[in-house]
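J.:
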Amino acid sequence: MMVEIIEKVRRKETLTKKEIQDFLTGYLKGEVKDYQMSAFLMAICLNGLSLEEVLAFVECYIQSGKQLSFAQEDCLVDKHSTGGVGDKTTLIVVPIVAALGVPVIKMSGRGLGLTGGTIDKLESIPGYQVERSLEEIRKQVKDIGMVVCSATEDIAPLDKKTYALRDVTGTVSSIPLIAISIMSKKIAGGAKKFVFDMKYGEGALLETKEEVVALADLINKIAEHYHCKAEFVYSDMSKPLGYTVGNRLEVYEAMAVLKDNLKGELYDKCVHLASHMVALSKKISLEEAIKEVIEVLENKKAWEKFQAWIAYQKGDLEKMELAIEPIPYLAHKEGTLQKIHAKEIAMLAKQLGAGRDSLEDEINPSSGVVLLKKEGDFVKKNEKIAYLYTEKQTIPNMDSCFEIL
Ligand code: URA
Numbered sequence: 206m207m208v209e210i211i212e213k214v215r216r217k218e219t220l221t222k223k224e225i226q227d228f229l230t231g232y233l234k235g236e237v238k239d240y241q242m243s244a245f246l247m248a249i250c251l252n253g254l255s256l257e258e259v260l261a262f263v264e265c266y267i268q269s270g271k272q273l274s275f276a277q278e279d280c281l282v283d284k285h286s287t288g289g290v291g292d293k294t295t296l297i298v299v300p301i302v303a304a305l306g307v308p309v310i311k312m313s314g315r316g317l318g319l320t321g322g323t324i325d326k327l328e329s330i331p332g333y334q335v336e337r338s339l340e341e342i343r344k345q346v347k348d349i350g351m352v353v354c355s356a357t358e359d360i361a362p363l364d365k366k367t368y369a370l371r372d373v374t375g376t377v378s379s380i381p382l383i384a385i386s387i388m389s390k391k392i393a394g395g396a397k398k399f400v401f402d403m404k405y406g407e408g409a410l411l412e413t414k415e416e417v418v419a420l421a422d423l424i425n426k427i428a429e430h431y432h433c434k435a436e437f438v439y440s441d442m443s444k445p446l447g448y449t450v451g452n453r454l455e456v457y458e459a460m461a462v463l464k465d466n467l468k469g470e471l472y473d474k475c476v477h478l479a480s481h482m483v484a485l486s487k488k489i490s491l492e493e494a495i496k497e498v499i500e501v502l503e504n505k506k507a508w509e510k511f512q513a514w515i516a517y518q519k520g521d522l523e524k525m526e527l528a529i530e531p532i533p534y535l536a537h538k539e540g541t542l543q544k545i546h547a548k549e550i551a552m553l554a555k556q557l558g559a560g561r562d563s564l565e566d567e568i569n570p571s572s573g574v575v576l577l578k579k580e581g582d583f584v585k586k587n588e589k590i591a592y593l594y595t596e597k598q599t600i601p602n603m604d605s606c607f608e609i610l
């Protein structure tokens with residue numbers, strides 16, 4: 206029976222809703238084995254799924270766990286990034302939006318492989334509590350209008366089990382599988398309005414803009430089916446976002462944007478994302494939303510909200526310190542800094558102790574890289590171009606991170 210279902214996908218035949226349900230619930234119960242699921246996922250990777258099949262998958266994933274609901278459902282807005290190196294936008298965007306009276310409940314994950322995780326960044330603040338019960342989430346959103354916590358175990362457990370298998374079977378980068386995975390968690394999480402930061406380029410889940418646009422199109426169709434509203438912002442992630450890669454370093458950079466309005470690509474990206482969220486929630490034009498967003502950055506209301514949020518979740522910014530002597534990295538030649546490769550920088554940061562290969566690995570919250578130059582800058586031979594923060598004894602060679610011409 207299960208073998209027939211796998212064979213149908215291999216022959217590009219359409220599965221019925223019942224076949225999808227039987228296969229997926231069988232997998233959750235352990236009746237369908239990992240090797241059968243692996244073959245099934247690979248056949249989907251190669252042959253795709255129809256929209257009807259995708260919707261049947263999403264429904265099964267949602268039904269596999271709890272579905273949350275919140276009193277603020279109508280104006281609640283969620284943000285999702287498909288993963289970027291140095292992407293600390295959640296730390297900035299959520300307090301901006303909450304300072305404008307738009308409630309946000311953001312459930313995030315830990316970093317694995319080359320991707321950084323918001324939860325690791327927040328845990329680098331001494332005392333910050335990432336675990337929140339449903340009751341605590343409801344109270345916090347009522348009290349301060351925002352929560353950022355780790356995803357509860359019981360949301361779309363089928364995705365959790367399948368994602369772990371996809372990770373080790375080369376079946377992550379399939380447009381239907383990514384859309385199903387993201388949207389089942391979003392819809393079960395209780396928001397009805399979403400802004401997606403869709404990343405493409407070297408090191409992203411999908412390399413080309415065309416693929417990412419196709420993913421956005423499918424996400425949008427799933428959102429419409431569930432009467433949800435989704436908006437999309439596209440970002441090239443072939444270079445890191447901002448100046449820092451590494452958990453505590455990224456918190457400091459986020460604070461510099463909120464407190465000192467540090468301008469640059471990161472500031473612009475956050476204004477863009479926050480404005481889409483505000484426009485969507487308040488049903489105002491993007492131009493009006495941009496004005497409101499810049500105002501709460503300039504009058505420091507967003508910075509105050511950030512501090513209130515961190516304190517509410519028991520984080521102590523006063524106790525946060527790097528406590529590592531930075532090691533300067535010097536340019537290996539003179540010329541224009543043509544390219545800063547995100548993927549190489551992420552690999553480097555991981556080697557310095559900022560990332561992990563498996564979820565059990567320990568990370569050093571202070572480790573990472575601070576970039577002192579941006580693409581297009583002219584650099585002299587032996588000029589400082591980065592600082593490395595690490596307690597590791599051997600410093601990896603970083604020349605491949607920077608293309609100097
Ligand atoms: N993020 C997810 O949550 N799921 C995917 O499949 C890919 C990225």
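So the sequence shown is numbered by the working numbering: it starts at 206 and just counts up by one.
Just so you know, even glycine gets a beta-carbon here, dropped at the ideal spot from N, CA and C.
1. Per the contact definition of three or more C-beta pairs closer than 8 Å, is the segment 501-512 in contact with the segment 320-337?
2. Among residues of its own chain, excluding the 5 on either side of Glu511, which ones have a beta-carbon nearer than 6 Å to its beta-carbon?
3. Specify the secondary structure class of Lys589 as computed by DSSP and reduced to three states.
4. Which residues does DSSP list as the beta-bridge partners of Ile310?
5. Verify the contact flag: Ser386, CB atom, against every heavy atom of ligand 1, threshold strictly below 7 Å.
6. Restricting to runs no shorter than 4 residues, where is the alpha helix (DSSP H) found entirely within the segment 539-586?
7. Between the alpha carbons of Lys366 and Leu233, how many angstroms are there, rounded?
8. Could you work out which residue in Asp348, Glu336, Met351 is closest to Thr357 when comparing CA atoms only?
9. Counting pairs of beta carbons, one from the segment 456-476 and one from the segment 290-297, are three or more of them closer than 8 Å?
10. Just to check, is the beta-carbon of Ile383 closer than 7 Å to a non-hydrogen atom of ligand 1?
11. Return the residue from the list Ser572, Ala244, Lys538 that minimises the CA-CA distance to Ala554.
12. By DSSP's criteria, Met388 is part of a beta bridge. Which residues make up the other side?
13. Going by C-alpha distance, which of Pro533, Gln226, Val302, Asp227 is nearest Ala507?
14. Check this for me: beta carbons of Glu580 and Leu610, under 8 Å apart or not?
15. Can you tell me whether Glu497 is buried or exposed? The criterion is at least 16 other CB atoms within 10 Å of its CB, across all chains shown.
16. In whole angstroms, what is the alpha-carbon distance linking Lys548 and Met206?
17. Got a sec: does ligand 2 put a non-hydrogen atom nearer than 7 Å to the Cβ of Thr287?
18. Write down the C-beta distance between Val450 and Ile550 rounded to the nearest angstrom, noting that I regard them as a contact closer than 8 Å.
19. Within its chain, find whatever has a CB closer than 6 Å to the CB of Arg343; leave out the 5 residues flanking it on each side and keep chain order.
20. Is Asn368 near ligand 1, judged by its Cβ being under 7 Å from some heavy atom?
21. I want to check one thing, is the minimum distance from the CB of Leu420 to the heavy atoms of ligand 1 below 7 Å?
22. Looking only at its own chain, which residues have a Cβ that is under 6 Å from the Cβ of Asp473, when we skip the five neighbours before and after it?
23. Does ligand 1 have a heavy atom nearer than 7 Å to the CB of Leu410?
24. Considering only C-alpha positions, which residue in the set Lys223, Phe583, Ser269, Ile515 is nearest to Ala361?
25. As a quick exercise: from Arg215, Ala484, Gly447, Lys589, pick the residue whose alpha carbon is nearest that of Val290.
26. Could you check if Val263 belongs to the surroundings of ligand 1, using beta carbon to heavy atom distance under 7 Å?
27. Rank Phe245, Leu577, Asp422, Ser386 by C-alpha distance to the C-alpha of Lys217 and give the top, closest one.
28. Give the secondary structure of Ser338 by DSSP, where H, G and I count as helix, E and B as strand, and everything else as coil.
29. Mind reading off the beta-carbon distance from Ile392 to Ile424? Whole number of angstroms is fine, and I expect it under 8 Å.
30. Look up Ser286 in the DSSP assignment and give the residues it is bridged to.
31. Between Leu220 and Ile495, what straight-line distance do the alpha-carbon atoms span, to the nearest angstrom?
32. Figure out for me which residue from Leu382, Val377, Ile330, Thr230 has the closest Cα to the Cα of Met525.
33. Let's test the definition: count the other Cβ atoms within 10 Å of the Cβ of Asn569 and tell me whether it reaches 16, buried, or not, exposed.
34. For Lys390, is the beta carbon positioned less than 7 Å from some heavy atom of ligand 1?
35. Give the DSSP-derived three-state secondary structure of Leu535 in the structure shown.
36. Going along the chain, which residues of its own chain have a beta-carbon closer than 7 Å to the beta-carbon of Val307, five neighbours each way excluded?
T.: Quick look at the numbers:
1. no
2. Reading the sequence shown from its first residue, position 306 is the one you call residue 511. Reading the sequence as shown, one finds Phe at residue 511 and not Glu. These residues qualify, in order along the chain: Pro300, Leu463.
3. As a first step, residue 589 must be located in the sequence shown, where it is residue number 384. If DSSP states are grouped into helix, strand and coil, Lys589 belongs with the strands.
4. Stepping through the sequence shown from its first residue, residue 310 is reached at position 105. Paired residues: Val352.
5. On the sequence shown, residue 386 is found 181 positions in, with the first residue counted as 1. It does: the Cβ of Ser386 is within 7 Å (strictly closer) of some heavy atom of ligand 1.
6. 547-557
7. Residue 366 sits at position 161 when you count from the first residue of the sequence shown. Residue 233 sits at position 28 when you count from the first residue of the sequence shown. Those two C-alpha atoms are separated by around 8 Å.
8. Position 152 of the sequence shown, counted from the start, is the residue given in the question as residue 357. Ranking Asp348, Glu336, Met351 by Cα distance to Thr357 puts Glu336 first.
9. yes
10. Residue 383 sits at position 178 when you count from the first residue of the sequence shown. Yes, ligand 1 has a heavy atom inside 7 Å of this Cβ.
11. Locating residue 554 in the sequence shown gives position 349, where the first residue counts as 1. If we check each option's Cα against that of Ala554, Ser572 comes out closest.
12. As a working note, residue 388 is residue 183 in the sequence shown. Paired residues: none, contrary to the question.
13. As a first step, residue 507 is located in the sequence shown; it is residue number 302 there, counting from the start. Looking only at Pro533, Gln226, Val302, Asp227, the smallest Cα-Cα distance to Ala507 is reached by Val302.
14. Along the sequence shown, read from residue 1 onward, the residue named residue 580 stands at position 375. Along the sequence shown, read from residue 1 onward, the residue named residue 610 stands at position 405. No. Outside cutoff.
15. As a working note, residue 497 is residue 292 in the sequence shown. It is buried - the Cβ of Glu497 has at least 16 other Cβ atoms within 10 Å.
16. Numbered from 1 along the sequence shown, position 343 holds the residue referred to as residue 548. Numbered from 1 along the sequence shown, position 1 holds the residue referred to as residue 206. Using only the alpha carbons, I get a separation of about 43 Å.
17. No copy of ligand 2 occurs in the structure displayed; its ligands are ligand 1 alone.
18. Here residue 450 refers to the residue found at position 245 when the sequence shown is read from its first residue. Here residue 550 refers to the residue found at position 345 when the sequence shown is read from its first residue. Between Val450 and Ile550 the beta-carbon gap is near 6 Å, inside 8 Å, which marks them as a contact.
19. The sequence position of residue 343 within the sequence shown is 138, counting from 1. Answer for Arg343: no residue qualifies.
20. For the purposes of this step, residue 368 is taken as residue 163 along the sequence shown, with counting starting at 1. Reading the sequence as shown, one finds Tyr at residue 368 and not Asn. Tyr368 Cβ: within cutoff of ligand 1.
21. Stepping through the sequence shown from its first residue, residue 420 is reached at position 215. No, the beta carbon of Leu420 sits no closer than 7 Å to any heavy atom of ligand 1.
22. Stepping through the sequence shown from its first residue, residue 473 is reached at position 268. Around Asp473: no qualifying Cβ.
23. To locate residue 410, count along the sequence shown from 1; it is residue 205. Indeed, a heavy atom of ligand 1 lies less than 7 Å from the Cβ.
24. Position 156 of the sequence shown, counting from 1, holds the residue named residue 361. When each option's Cα is compared against that of Ala361, the closest is Ser269.
25. Here residue 290 refers to the residue found at position 85 when the sequence shown is read from its first residue. Looking at the Cα atoms, Gly447 is the closest of the given residues.
26. Walking along the sequence shown from the start, residue 263 turns up at place 58. The answer is no for Val263.
27. Mapped onto the sequence shown, residue 217 falls at position 12. Of Phe245, Leu577, Asp422, Ser386, the residue nearest in Cα terms is Phe245.
28. Walking along the sequence shown from the start, residue 338 turns up at place 133. Coil at Ser338, not helix or strand.
29. Position 187 of the sequence shown, counted from the first residue, corresponds to residue 392. Position 219 of the sequence shown, counted from the first residue, corresponds to residue 424. With 8 Å as the limit, Ile392 and Ile424 do not qualify as a contact, their Cβ atoms being about 11 Å apart.
30. By one-based count along the sequence shown, residue 286 stands at place 81. DSSP lists Asp402 as partners of Ser286.
31. As a first step, residue 220 is located in the sequence shown; it is residue number 15 there, counting from the start. As a first step, residue 495 is located in the sequence shown; it is residue number 290 there, counting from the start. Leu220 and Ile495: Cα-Cα distance of roughly 45 Å.
32. For this step, residue 525 is matched to residue 320 along the sequence shown. The residue with the shortest Cα to Cα distance from Met525 is Ile330.
33. One-based indexing of the sequence shown puts residue 569 at position 364. So Asn569 ends up on the buried side.
34. Position 185 of the sequence shown, counting from 1, holds the residue named residue 390. In terms of side-chain proximity, the C-beta atom of Lys390 is found nearer than 7 Å to a non-hydrogen atom of ligand 1.
35. Taking the first residue of the sequence shown as 1, we reach residue 535 at position 330. Here Leu535 sits in strand by DSSP.
36. Within the sequence shown, numbered from 1, the residue matching residue 307 stands at position 102. Here the set comprises Cys280, Val282, Met482, Val483, Ser486, Lys487.
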